[in-house]
Every structure is written in structure tokens, then in C-alpha cells.
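Q: Position in the sequence shown counted from 1, then plus 469, gives you my numbering.
The structure that follows is given in the form of C-alpha cells.
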Amino acid sequence: PSWARWAAQLVPAVAIDAVTAWLDAGQPDPDTAAERVGQAIGGVIQAAQGPSPGR
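Set out below in C-alpha cells:
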């Protein structure tokens, strides 16, 4: 639950910062921007879930 709370607080910040950085960079590759932001958010979620078994 603690890591879930952490992720819940971090995900909006990551999303906003990712979009802001994308805009500041001149909106490169707009067709894949949403997917890349989603990958960044997915990284936060994956980190909150902890290491995979065997790691």
C-alpha cells in the first residue's frame, strides 16, 4: 500500500512533466508521444510493484 500511494502521487507529476518536456522539445514525433508518456508512467507503476521474481 505504501508503494501504491507513492505511485499514485508520482504518476500525475510524471505525466505533466513528460508532456511539458515534450512541448518544450518542439513536439517531436507526435504520433508516438502518447505511447512514450505511457511508457514513463508504466515505469513508475512497475517500480511500485517491486522487482520481478528472480531478480
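C-beta: ideal position from N, C-alpha, C; glycine also.
In this text the structure is predicted, and so the values were computed from the model without any measurement.
Ordered along the chain, which non-local residues of its own chain (more than five positions away) have a Cβ less than 7 Å from that of V506?
A: Excluding residues within five positions, the ones whose Cβ falls inside 7 Å are A484, A487 and V488.
Q: What's the C-alpha gap between A502 and G523?
A: In a straight line, the C-alpha of A502 is about 32 Å away from that of G523.
Q: On a CA-only basis, which of S521, P481 and L492 is nearest A509? Give me that one, please.
A: Answer by Cα proximity: P481.
Q: Under DSSP, the alpha helix (DSSP H) around S471 begins and ends at which residues?
A: It spans S471 to D493 - the alpha helix (DSSP H) in which S471 sits, taken as one unbroken run.
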